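K.L.:
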Amino acid sequence: MAEVLNVIWVGGTSALARTYVEEIGGRSKYQQFRTRFLMVGHEPPMAVAEDEGTSFGAEHSSPTGLVASHTHLDLTSRESVQTLFDRLPKYSGPTIMVVSVRPPLVEAPTWPRWLGGNDERNNTTTRRSAEGSQSMETTVTAGNLQLVASLEYLVQIAAKSGVLGVLHVSSIAAVDHLRPQVGFKYSLVPAVCFEASGEALWMNQFHWIRYHLHFSIT
Amino acid sequence: MFVADKHQVFVSEKDPLPPLEAYRGPYDVFKRQSEDVINRACAEHALTCTHLRIGAIFSNDQVCYALDIGDAIRCRHSIYVYYSN
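Quick mapping for you: the protein sequence lines, in order, are chains A and B.
The first sequence begins at 1 in this note's numbering and counts up one residue at a time.
The second sequence begins at 219 in this note's numbering and counts up one residue at a time.
#1: Below 8 Å on the Cβ atoms is my guess for Leu154 of chain A versus Val81 of chain A; work out the distance and round it to an integer in Å.
#2: Distance cutoff 9 Å, beta carbons only. Does Lys232 of chain B sit that close to anything in chain A?
#3: Would you grab the beta carbon distance between Ile256 of chain B and Val99 of chain A for me? Rounded to a whole angstrom, and I think it's under 8 Å.
#4: Can you check whether the CB of Ser161 of chain A is closer than 9 Å to the CB of Ser252 of chain B?
#5: Between Leu38 of chain A and Gly12 of chain A, is the Cβ-Cβ spacing less than 9 Å?
#6: Along the beta strand (DSSP E) that carries Leu270 of chain B, what are the first and last residues, could you check?
#7: What does DSSP give as the partner residues of Ser69 of chain A in its beta bridges?
#8: Does any residue of chain B have a CB that is nearer than 9 Å to the CB of Ser170 of chain A?
#9: Over the uninterrupted alpha helix (DSSP H) stretch that includes Thr19 of chain A, give me the two end residues.
#10: Please name the residue in A:Ala149, A:Ser69 and A:Pro103 whose C-alpha comes closest to that of Arg18 of chain A.
#11: Considering only the alpha carbon of each residue, which of B:Glu231, B:Val247, B:Glu262 and B:Pro236 lies closest to Pro158 of chain A?
#12: By a C-beta neighbour count over all protein chains shown, 10 Å radius and 16 as the cutoff for buried, is Lys249 of chain B buried or exposed?
Below, the structure written as structure tokens:
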């Protein structure tokens, strides 16, 4: 009988995770392994339709040997991170962890102040440093700093829980990957967009609008 | 030349990453810092670790986050392009 390889996918509610599981997950080239996906994120992916054959909402198995489940994780909560491995479905065998994280996948949404919410997590601070004759700025958000600290804690907890390795979906090819790929200019986006709901979400909106404008023109 | 103006393709893994200050977007800073802390935690606990730096992802998702090149492809073939994470 094939051995079970457990894949704990943090941020496993993303389109990337869904696509991987649907297209590749059940067809591992390593026939000696049967893969069990333990999807972890803030909430089950509502966009995943039951009739499309893959659901992360409840543990299930398929003829391809895929087993998927979803476990809640709020990376902004230390308790949530600390108890994650106690709350996961019981598993045994070799385990690796995929870390594929952006804020909307692993934290509760925050509302901006102008909508009556507390958006302290989206407050940005700018650090300046000089390199040669240029002064460079790095903008960080309080929420992102907290997520980074939580990630380190999560890996430490994972190591103590027997995880053998980490695959981090980083996506930064070199630096400022959004700008050369989509011609995105941070300076053209009002600061309120970054404060409203997290950068990634608003940038997605930006591209959605751009996409539909494109079609309406062509 | 400012490091952020480097070409984003065919960058060797042997090239050192730019300094943190070279990253302008909060999301890029977050990803870079994530690499650093994961490296540190994995080293402490002797875990193997790989950072996957993807330029674009073709996805089954119905939501389209367009790349410039994605716009051109999608117009002709009605596929979805996902990228972000």
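C-beta: ideal position from N, C-alpha, C; glycine also.
The structure presented is a predicted model; accordingly, all values stated were derived computationally and were not measured.
P.N.:
The short version:
#1: One-based indexing of the first sequence puts residue 154 of chain A at position 154. One-based indexing of the first sequence puts residue 81 of chain A at position 81. Right, their Cβ atoms sit about 5 Å apart.
#2: If you number the second sequence from 1, residue 232 of chain B lands on position 14. By this cut-off, Lys232 of chain B is not an interface position.
#3: For the purposes of this step, residue 256 of chain B is taken as residue 38 along the second sequence, with counting starting at 1. For the purposes of this step, residue 99 of chain A is taken as residue 99 along the first sequence, with counting starting at 1. Their Cβ separation, rounded to whole angstroms, is 7 Å, which keeps Ile256 of chain B and Val99 of chain A in contact under 8 Å.
#4: Locating residue 252 of chain B in the second sequence gives position 34, counting from the first residue. Locating residue 161 of chain A in the first sequence gives position 161, counting from the first residue. In this structure, Ser161 of chain A does not lie closer than 9 Å to Ser252 of chain B by Cβ.
#5: Translated into positions along the first sequence, residue 38 of chain A becomes position 38. Translated into positions along the first sequence, residue 12 of chain A becomes position 12. Result yes, Cβ atoms of Leu38 of chain A and Gly12 of chain A sit closer than 9 Å.
#6: As a first step, residue 270 of chain B must be located in the second sequence, where it is residue number 52. Taken as a continuous stretch (DSSP letters only), the beta strand (DSSP E) holding Leu270 of chain B covers Thr266 to Leu270.
#7: By 1-based counting over the first sequence, the position of residue 69 of chain A is 69. Answer by DSSP bridge pairing, in chain order: A:Leu38.
#8: Position 170 of the first sequence, counted from the start, is the residue given in the question as residue 170 of chain A. Chain B contact via Cβ: present.
#9: Position 19 of the first sequence, counted from the start, is the residue given in the question as residue 19 of chain A. Counting along the chain, the alpha helix (DSSP H) containing Thr19 of chain A begins and ends at Ala15 to Tyr20.
#10: Stepping through the first sequence from its first residue, residue 18 of chain A is reached at position 18. Checking every option, the nearest Cα to that of Arg18 of chain A belongs to A:Ser69.
#11: To locate residue 158 of chain A, count along the first sequence from 1; it is residue 158. Here residue 158 of chain A turns out to be Ala, not Pro, going by the sequence shown. Nearest C-alpha to Ala158 of chain A: B:Glu262.
#12: The count along the second sequence starts at 1 and reaches residue 249 of chain B at position 31. Its Cβ being crowded by 16 or more others within 10 Å, Lys249 of chain B is buried.
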